[in-house]
Amino acid sequence: MIAPRNTPAPTRPRAEVDEIAAVVDAVRVAAPLTQCLTNSVVTGFTANVLLAVGASPAMVDSLEEGPIFAGIADGLLINVGTVNAATVEAMLATAASRAAAGRSWCLDPVAVGTLPVRTKLARDLLEYRPDVVRGNASEVLGLFGETGAGRGVDAGDDVDSALDVAARLAERTGGVVAVSGEIDAVVSAESPTLRIASGHQLMTKVTGVGCALGAIVAAYLPVARTPHLAAAAATAALTVAAEEAARRAAGPGSFAVELLDALARVDSETVTANLDLR
98 MIAPRNTPAP TRPRAEVDEI AAVVDAVRVA APLTQCLTNS VVTGFTANVL
148 LAVGASPAMV DSLEEGPIFA GIADGLLINV GTVNAATVEA MLATAASRAA
198 AGRSWCLDPV AVGTLPVRTK LARDLLEYRP DVVRGNASEV LGLFGETGAG
248 RGVDAGDDVD SALDVAARLA ERTGGVVAVS GEIDAVVSAE SPTLRIASGH
298 QLMTKVTGVG CALGAIVAAY LPVARTPHLA AAAATAALTV AAEEAARRAA
348 GPGSFAVELL DALARVDSET VTANLDLR
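Counting in our numbering, the sequence shown runs from 98 upward without gaps.
Here it is, written out as structure tokens:
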């Protein structure tokens, strides 16, 4: 277990924090098989993060196998971080297969709004109604067709500026939008917006941390009672672990290693003691 904060963290009702925290332990018991069609920059890191939280990663991403595996996997992530003609076709076919099976999945619209191919792809993928869309504020704005200030994968907008659009996007998909930033927000029609203030600035200094969050969401979706709870629990696990990793790390390089170790230690007690939920 990770040592608790020196100051009390939870500011929401204890029962709400406990329900979020319980998902973290439930995933370790269930070991959900989690398929990832993700970007080539982060594949190995994402797989290791999934192992650390107790899931079983499966990087099955080809057109020939992706749609088949989508009917087998417990969780599915589609991340548009690096796309070409082949990956576009595979992602669309896999999402179609997943939707036909009535199974949950997560969309990560990396750098959407600034580049045309991935922007069209991500908007087309919305038609298959992802249970969770997870992105930074600029990506959420761009996905909905609004002009943001993002530069590639880097957000130029704050979370509050994207909340209205996130709510409209959630209404359109019937799911949840998790907006990452200095204070993360989980937005849906089914529950009041949650804000999570845990985390550390070093999360922005290591490639793949945001993408890994999308994978954790995908792993948590088949285990959690609702998509809103899955997104909140995934964000909680990652951000609480990041705080512990930052305390042990000397810089970004050691932070990446410490983050995997902290994720392997995080449990419901850790989240209950450390989560800053608003």
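Where a beta carbon is used, it is the ideal one built from N, C-alpha and C, also for glycine.
The three-state reading of DSSP puts V138 in coil, since its state is none of H, G, I, E or B. Under a 10 Å Cβ-count criterion, S277 is classified as buried, with 16 or more other Cβ atoms of the shown protein chains found around its own Cβ. CA-to-CA, the gap between S159 and T184 works out to about 7 Å. Residues of the same chain with a CB within less than 7 Å of the CB of A187, apart from the 5 flanking positions on each side, are L134, D158, S159, L160, G163 in chain order.
Looking only at G348, V306, R345, the smallest Cα-Cα distance to A331 is reached by V306. Using a C-beta cut-off of 8 Å, the stretch 263-280 makes contact with the stretch 223-235, since at least three inter-stretch Cβ pairs fall below that distance. An exposed status is given to R344, since fewer than 16 other beta-carbon atoms sit within 10 Å of its beta-carbon. The alpha-carbon of Y225 is positioned some 31 Å away from that of S295.
Here DSSP, grouped into helix, strand and coil, assigns V276 to strand. If you compare the alpha carbons of R292, G311, T140, M300 with that of I117, the shortest gap goes to R292. Measuring C-alpha to C-alpha distances from D255 to each of S285, V120, A267, A234 identifies A234 as the nearest. Here T304 carries a coil assignment [DSSP, helix/strand/coil]. Cβ-Cβ separation between L204 and A219: approximately 7 Å, consistent with a contact (criterion under 8 Å).
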